[in-house]
């Protein structure tokens, strides 16, 4: 595609042409040459200085129509709506469709094109000659018709002992990506350290985050030495290794792995019930958690250690839970164990064999993944008007309680699963029916 602007002006021996991705041209033409076609070879303005002239394509070839849609860039300087070439010279004139001479510069305006400013200090001097043509083309070598991709760089600093993964790859050097790319971040504390939060161009206390690359970004992952809650805050039965109560103020609580030199093995019935907790760390080594142990707190995230093999009824009931990780040691989800919370999804690992009554009732579930070794799902296990589950992944031959609401607010899963031969797979609720993928 080529657009021509005829500027009915001239210089004595100079014909001027812009070549995309080249330098400013120094071309002397015979007086009978009216115009210069595009030249694929780079040329320079010899003897009078040289300034780099490049071009950037904008939009697709279909979009670059009447207005040119090409940026001319000189030394990083850009300005929208028109292009001007500044040469040395002298004289006077006011017609914008011809060279305008004022002071010591000669400017060629291109009002028909949506081009950017380019400026060259080439100290030209000479006389004008009328009736020569100056050709401007939107040609650029290697023109693909697409706008060049802008890229930005993410730099991560680490304070303390820990590491950062960017899109699941360990960060070692700055990451450069296309504009608009969303990068996933995860801060991983070393043993004995804790993650304190992101600062810089990302401010968050969440270890797992994302950042949109709409500019160069510099962020810091901050780690500090981990400190357990004071042993004096816990009522502890050293003969059984059981924490039986908590006597300090609420907030984030980190249960130490030992108290008074004795390993913590269990958390007793209602040990932390209604204590205004906002966070809990349960150490590896704990094997059992009693009934109602954490009920009535505000624990948005809970991780059940791999060492835990049993959990009592209602242990994590009504805690505003939003994220749950179940360790590899648990085999049964208890009655109302995680009911009346804010979970939108849950993954039940393969080590679990049964899901008790009301286990996840009254959450906000949309998707449920049930491990392949689960053999039974109890009455109202996923009941609740806000458990509008639309996707269930399940193993084969699971016995599901007969109540229609057991698997959530969208009815018919048990019927579809049973009638289909109780096959393992992923089932989706679409158009009012459950369909296996």
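Residue numbers (this note's numbering): 28 to 464. Idealized CB from N, CA, C, for every residue including glycine. Predicted model, so just to flag it, every value in this text is computed and none were measured.
Residues in the same chain with beta-carbon distance under 7 Å from residue i, minus the five sequence neighbours each way, listed in chain order, please.
i: residue 2; result: As shown, the chain starts at 28 and ends at 464. That puts residue 2 outside it, with no answer to give.
i: residue 194; result: 210 and 211
i: residue 264; result: 271
i: residue 327; result: 347, 348, 349 and 350
i: residue 230; result: none
i: residue 290; result: 268, 284 and 312
i: residue 464; result: 452, 453 and 455
i: residue 457; result: none
i: residue 399; result: 377, 422 and 451
Just tell me which of the options has its CA closest to the CA of residue i.
i: residue 214; options: 265, 314, 251 and 450; result: 251
i: residue 376; options: 444, 355 and 260; result: 355
i: residue 413; options: 464, 357, 221 and 433; result: 433
i: residue 431; options: 445, 422 and 420; result: 445
i: residue 234; options: 241, 240, 420 and 221; result: 221
i: residue 181; options: 207, 202, 188 and 189; result: 202
i: residue 397; options: 457, 313 and 378; result: 378
i: residue 332; options: 280, 255 and 308; result: 308
i: residue 200; options: 207, 185 and 206; result: 185
i: residue 216; options: 243, 187 and 196; result: 187
i: residue 330; options: 276, 323 and 316; result: 316
i: residue 438; options: 450, 423, 189 and 419; result: 419
i: residue 278; options: 297, 325 and 246; result: 325
i: residue 365; options: 341, 457 and 300; result: 341
i: residue 189; options: 218, 204 and 196; result: 218
i: residue 372; options: 360, 391 and 266; result: 391
i: residue 345; options: 205, 368, 302 and 381; result: 368
i: residue 297; options: 276, 310 and 323; result: 323
i: residue 3; options: 275, 352 and 225; result: Outside the displayed span of the chain (28 to 464) sits residue 3, for which this structure offers no information.
i: residue 468; options: 393, 236, 299 and 266; result: Any answer about residue 468 is impossible in this case: the structure gives the chain only from 28 up to 464.
i: residue 302; options: 261, 417, 381 and 358; result: 261
i: residue 380; options: 442, 415, 223 and 359; result: 359
i: residue 362; options: 339, 310 and 395; result: 339
In the structure shown, what three-state DSSP assignment does residue i receive?
i: residue 443; result: helix
i: residue 213; result: strand
i: residue 258; result: helix
i: residue 192; result: strand
i: residue 415; result: coil
i: residue 408; result: coil
i: residue 299; result: coil
i: residue 463; result: strand
i: residue 178; result: strand
i: residue 331; result: coil
i: residue 281; result: strand
i: residue 387; result: coil
i: residue 291; result: coil
i: residue 273; result: strand
i: residue 250; result: strand
i: residue 306; result: strand
i: residue 263; result: strand
i: residue 393; result: coil
i: residue 337; result: strand
i: residue 402; result: coil
i: residue 452; result: strand
i: residue 148; result: At residue 148 the pLDDT is 29, less than 50, meaning the model places this residue with poor confidence; the figure from the coordinates comes in the next sentence. Coil.
i: residue 186; result: strand
i: residue 322; result: coil
i: residue 428; result: coil
Looking only at its own chain, which residues have a Cβ that is under 6 Å from the Cβ of residue i, when we skip the five neighbours before and after it?
i: residue 198; result: 183 and 191
i: residue 459; result: none
i: residue 239; result: 209
i: residue 280; result: 256, 304 and 307
i: residue 411; result: 388 and 389
i: residue 353; result: 331 and 376
i: residue 465; result: Limits of the chain in this structure are 28 at one end and 464 at the other, which puts residue 465 out of reach.
i: residue 275; result: 260
If I measure Cβ to Cβ from residue i and keep anything under 8 Å in the same chain, skipping five residues before and after, which residues do I get?
i: residue 407; result: 384, 385, 388, 428, 430, 432 and 433
i: residue 314; result: 292, 293, 334, 335, 336, 337 and 356
i: residue 295; result: 264, 269, 270, 271, 272, 317 and 320
i: residue 425; result: 397, 401, 402, 403, 404, 444 and 449
i: residue 206; result: 176, 177, 178, 179, 240 and 241
i: residue 244; result: 179, 180, 181, 182, 227, 228, 229 and 238
i: residue 92; result: The predicted model places residue 92 with a pLDDT of 33, which falls under 50 and marks its position as unreliable; any figure quoted below should be read in that light. Closer than 8 Å at Cβ, skipping near neighbours: no residue.
Exercise. What are the start and end residues of each continuous beta strand (DSSP E) run of 3 or more residues lying completely inside the region 214-244, in chain order?
Worked result: Considered as a whole, the region 214-244 harbours 220-227 and 235-239 as its complete beta strand (DSSP E) runs of no fewer than 3 residues, in chain order.
Exercise. What residue ranges within the region 344-382 form continuous beta strand (DSSP E) runs of no fewer than 3 residues, ordered along the chain?
Worked result: The region 344-382 contains these whole beta strand (DSSP E) runs: 350-352 and 372-375.
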